[in-house]
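K.L.:
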């Protein structure tokens, strides 16, 4: 029994003096609880929508006021024509548009029913359905308020249209998210582990002091995983087209070019992790836990980023998967070109260059 307690005391001492172990034991659960508590919610709020009021009468203004008063929507400035509405959807600036016809109040008073058009971006079918349900609920509440108890009830009929995904197939949201998740995890983990393995066996120092330049050593580790990841992209696209019935609406060469950029970004992130770690277990743990949760939580794949607090929204901007997810949805589902995704491409390029520079700098410091 005495030896048993000695081993317990030894394990306590080992855990308390190891900072990495303390971080895993106490830091990671706290961070996960905070992130999951704020980010994991199916409620949609603060979604940006456009209101186009051709009627400009009392009824339309009252209904717009109720929509604006709800915490689900943020009303943007009304455009002048439908072309501006389409541009708002294409650029991802809005999630929904509500159009009031010119004779909205007249139809409501004389015919006891009126129609309004609701346009939603169904590239994310769950979000589109939720937003339409919110608008329908607000319209029903307004109907109950204006309907006298002893008169013919008024009816307002929303006419909903789902853009880019009329059938509300979940695969339209699933495939881009899986592409971002798979490429991020595979590229980061494999690159980090392969370089750390060389450090553990002592061969990395030999390679770095050889006539090879450090950049060539890094590239020799990254290129094979770049090619393997491109094969993953091909397999995912083939499955989505022929098995899941999701054709690519945009340019396939552009999609491959953007995927190559994202793969390079992930590889540089794996190189950065390998520079900061000295064991394969640590590199694998950071690659899996450190990349899996941010990719799922902050890419917009499973949970709308608009629902999160502002600090978490700011943090999501440094997650490469967020920008790649937007790019893939824009090309595959919306059929957009480079002019619509150049900002996301520029951000991914900047992240890649930053990671590459600090990784090479760390290698040079170790050589000296």
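In my numbering, the protein residues as written are 23 to 390.
Don't be surprised by glycine CBs; every beta carbon is placed ideally from N, CA and C.
1. Alpha carbons only, please: which of 323, 372, 378 and 178 is nearest the one belonging to residue 147?
2. Could you compute how far the alpha carbon of residue 246 sits from the alpha carbon of residue 213?
3. Note down, in chain order, each residue of its chain lying with its Cβ closer than 8 angstroms to the Cβ of residue 133, except the 5 sequence neighbours on either side.
4. Can you grab the Cα-Cα spacing for the pair residue 95 / residue 219, in whole Å?
5. Let's test the definition: count the other Cβ atoms within 10 Å of the Cβ of residue 332 and tell me whether it reaches 16, buried, or not, exposed.
6. Ends of the beta strand (DSSP E) at residue 328?
7. Name the DSSP beta bridge partners of residue 74, please?
8. Looking only at its own chain, which residues have a Cβ that is under 6 angstroms from the Cβ of residue 136, when we skip the five neighbours before and after it?
9. Can at least three beta-carbon pairs, one atom from the region 111-122 and one from the region 138-152, be found at a separation below 8 angstroms?
10. Which runs of the alpha helix (DSSP H) at least 4 residues long sit entirely within the region 281-327? Give them in chain order.
11. Buried or exposed: residue 316, going by 16 or more other Cβ atoms within 10 Å of its Cβ?
12. Mind checking whether residue 124 and residue 77 have CB atoms under 8 angstroms apart?
13. Got a sec? Which residues, its chain only, sit under 6 angstroms from residue 381 by beta carbon, not counting five neighbours each side?
14. Below 8 angstroms on the Cβ atoms is my contact criterion, and I expect residue 288 with residue 205 to pass it. Report the Cβ-Cβ distance as a whole number of Å.
15. Measure from the alpha carbon of residue 115 to the alpha carbon of each residue in 256, 158, 68 and 282, then state which is nearest.
16. Please work out which residues of its chain come closer than 8 angstroms, Cβ to Cβ, to residue 278, disregarding the five sequence neighbours upstream and downstream, and give them in chain order.
17. Since I believe residue 371 is in contact with residue 283 (beta carbons under 8 angstroms), could you give me their beta-carbon distance rounded to a whole number of angstroms?
18. Looking only at its chain, what residues have a beta carbon closer than 7 angstroms to the beta carbon of residue 16, apart from the 5 residues adjacent to it on each side?
19. Could you tell me the boundaries of the beta strand (DSSP E) in which residue 177 lies?
20. With 16 as the cutoff for other CB atoms within 10 Å, does residue 82 come out buried or exposed?
21. Starting from the Cα of residue 310, find the closest Cα among 242, 325 and 291 and give me that residue.
22. At a threshold of 7 angstroms, does residue 330 count as lining the ligand ZN (C-beta to nearest heavy atom)?
23. For residue 122, count the other beta carbons within 10 Å of its own beta carbon; 16 or more makes it buried, fewer makes it exposed. Which is it?
24. Which of the three DSSP states, helix, strand or coil, is assigned to residue 159?
25. So, is residue 374 buried or exposed, given that buried needs 16 or more other C-beta atoms within 10 angstroms?
26. Would you grab the beta carbon distance between residue 196 and residue 276 for me? Rounded to a whole angstrom, and I think it's under 8 angstroms.
27. Counting along the chain, where does the alpha helix (DSSP H) carrying residue 143 start and finish?
P.N.:
This is what the structure holds:
1. By one-based count along the chain shown, residue 147 stands at place 125. With distances taken between CA atoms, residue 147 lies nearest to 323 out of 323, 372, 378 and 178.
2. The residue given as residue 246 occupies position 224 in the chain shown. The residue given as residue 213 occupies position 191 in the chain shown. Between residue 246 and residue 213, the C-alpha separation is close to 9 angstroms.
3. Here residue 133 refers to the residue found at position 111 when the chain shown is read from its first residue. Excluding positions up to five away in sequence, the list is empty.
4. Counted from its first residue, the chain shown places residue 95 at position 73. Counted from its first residue, the chain shown places residue 219 at position 197. For residue 95 and residue 219, the distance between alpha carbons rounds to 51 angstroms.
5. Start at 1 with the first residue of the chain shown, and residue 332 comes out as number 310. Counting the other Cβ atoms within 10 Å of the Cβ of residue 332 gives fewer than 16, which makes it exposed.
6. The residue given as residue 328 occupies position 306 in the chain shown. Unbroken run through residue 328: none, as it is neither H nor E.
7. Within the chain shown, numbered from 1, the residue matching residue 74 stands at position 52. Paired residue(s): 121.
8. Position 114 of the chain shown, counting from 1, holds the residue named residue 136. Result list for residue 136: 126, 129, 130 and 178, in chain order.
9. Yes, the region 111-122 is in contact with the region 138-152.
10. Correct list: 302-320.
11. Residue numbering aside, residue 316 sits at position 294 when the chain shown is read from its first letter. Classification of residue 316: buried, given that the 10 Å Cβ count is 16 or more.
12. Within the chain shown, numbered from 1, the residue matching residue 124 stands at position 102. Within the chain shown, numbered from 1, the residue matching residue 77 stands at position 55. Yes, they are a contact pair.
13. If you number the chain shown from 1, residue 381 lands on position 359. Taking residue 381 as the centre and dropping the five residues before and after it, the same chain places the C-beta of 293, 294 and 297 closer than 6 angstroms to its C-beta, in chain order.
14. Working through the chain shown from its first residue, we reach residue 288 at position 266. Working through the chain shown from its first residue, we reach residue 205 at position 183. Contact between residue 288 and residue 205 holds, with the beta-carbon distance rounding to 6 angstroms and staying under 8 angstroms.
15. For the purposes of this step, residue 115 is taken as the residue at position 93 of the chain shown. Out of 256, 158, 68 and 282, the CA that lies nearest to the CA of residue 115 is found in 68.
16. Indexing the chain shown from 1 puts residue 278 at position 256. These residues qualify, in order along the chain: 252 and 255.
17. Locating residue 283 in the chain shown gives position 261, where the first residue counts as 1. Locating residue 371 in the chain shown gives position 349, where the first residue counts as 1. The Cβ separation is near 7 angstroms, so the contact holds.
18. Nothing about residue 16 can be reported from this structure: the residues present for the chain run from 23 to 390 only.
19. Counting from 1 along the chain shown, the entry for residue 177 is found at position 155. Residue range 177-185 is occupied by the beta strand (DSSP E) that includes residue 177.
20. Here residue 82 refers to the residue found at position 60 when the chain shown is read from its first residue. Per the 10 Å Cβ criterion, buried.
21. The residue you call residue 310 lines up with position 288 of the chain shown. Ranking the options by Cα distance to residue 310, first place goes to 291.
22. Questions concerning the ligand ZN fall outside what the structure shown contains, since it holds no ligand whatsoever.
23. Taking the first residue of the chain shown as 1, we reach residue 122 at position 100. In this structure residue 122 is buried. Its beta-carbon is surrounded by 16 or more other beta-carbon atoms within 10 angstroms.
24. In the chain shown, residue 159 corresponds to position 137, counting from 1. It is helical.
25. Within the chain shown, the letter at position 352 stands for residue 374. By the 10 Å Cβ count, residue 374 comes out buried.
26. Mapped onto the chain shown, residue 196 falls at position 174. Mapped onto the chain shown, residue 276 falls at position 254. That belief does not hold up - the Cβ atoms of residue 196 and residue 276 are roughly 21 angstroms apart, past 8 angstroms.
27. Translated into positions along the chain shown, residue 143 becomes position 121. In the DSSP assignment, residue 143 falls outside any alpha helix (DSSP H) and within the unbroken beta strand (DSSP E) covering 135-143.
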